[in-house]
Every structure is written in structure tokens, then in C-alpha cells.
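K.L.:
Submitted below is the structure of interest, expressed as C-alpha cells.
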Amino acid sequence: MTTTNARPRSFDHIRHAALGEYQDLRRAVDALGQRLDREQNETLSRTGFVELVTDMARTSYAADNCETCQEPCWPYRAKVDAAWMDGTYLCPRCKRTWYCGYTTDLALLP
Ligand SMILES: [Zn+2]
Numbered sequence: 014m015t016t017t018n019a020r021p022r023s024f025d026h027i028r029h030a031a032l033g034e035y036q037d038l039r040r041a042v043d044a045l046g047q048r049l050d051r052e053q054n055e056t057l058s059r060t061g062f063v064e065l066v067t068d069m070a071r072t073s074y075a076a077d078n079c080e081t082c083q084e085p086c087w088p089y090r091a092k093v094d095a096a097w098m099d100g101t102y103l104c105p106r107c108k109r110t111w112y113c114g115y116t117t118d119l120a121l122l123p
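Sequential numbering of the sequence shown, starting at 14, is according to the working numbering.
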């Protein structure tokens, strides 16, 4: 998926805004954006940042626990083909990498 326009769009999240998880996610996205800005990551444009966060949301269901330390992890790379996703995982605690596959045929996705 390519996001061609990273500018804000109209939205209304009132049904979710009171949830602690919603506020936690907003803080985490803001913190990531600020860190990337501080590091002046010239390879990541605003559009790239929006795509990064969008990819995270699209694969949020694909968590897998590290076999070594049981840390829940999400894919940092995914190859999607038809109804299947091959994810590559990195445990931030022990730095182990592994692969795990998931269906992309979810009832939640249109
Ligand atoms: Zn680990």
C-alpha cells in the first residue's frame, strides 16, 4: 500500500478517544515521530512515517512471542502474497530474529 497523501484528513475518533489504549497509542506514535525527527532520519519522509504507522496497524494482530524470552513482538518486515503474510520478527530484548506466517484473510479487514 502506498499512501500518496500524508496530510491530515478529517476524522472523528470520539468512540475510542476515552480509552487508555487510544491515548497510549497516540503518545507512542508522537514519541516515535519526535525521535525520528531528532535523529533527522532523512530516509523517512512524512509520507513514509504515515505508511510505517499504517503498516503497524494493519499487522497489529500478527504478534508472536519470542521463544527465548517470551517478549511479544510484531513483524518489522512483511511480504504479503494473496491471503498470506510472511513476517520477519526481531525481539528488542534478546535481538533474536525469526519468521512467522499469518493469514491476511481477516473478517476485520474489508
Ligand atoms: Zn527475545
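The beta-carbon is built from N, C-alpha and C at its ideal position, and this holds for glycine as well.
From this set, E52, V63, R51, which residue's C-alpha is nearest R22's C-alpha?
P.N.:
Checking every option, the nearest Cα to that of R22 belongs to V63.
K.L.:
On the CB-based measure, 16 or more other CB atoms within 10 Å of its CB, does Y115 come out buried or exposed?
P.N.:
Burial call: buried.
K.L.:
Three-state secondary structure (DSSP) at R71?
P.N.:
In the structure shown, R71 sits in a helix (DSSP, three-state: H, G or I).
K.L.:
Is it buried or exposed for Y102, if we count other Cβ within 10 angstroms and need 16 for buried?
P.N.:
So Y102 ends up on the buried side.
K.L.:
Once the 5 residues before and after T67 are set aside, which same chain residues still bring their CB inside 6 Å of it?
P.N.:
Answer for T67: no residue qualifies.
K.L.:
Give the secondary structure of T60 by DSSP, where H, G and I count as helix, E and B as strand, and everything else as coil.
P.N.:
Three-state result, T60: helix.
K.L.:
Check whether the Cβ of T81 sits closer than 7 Å to any heavy atom of ligand 1, and report yes or no.
P.N.:
For ligand 1, at least one heavy atom lies less than 7 Å from the Cβ of T81.
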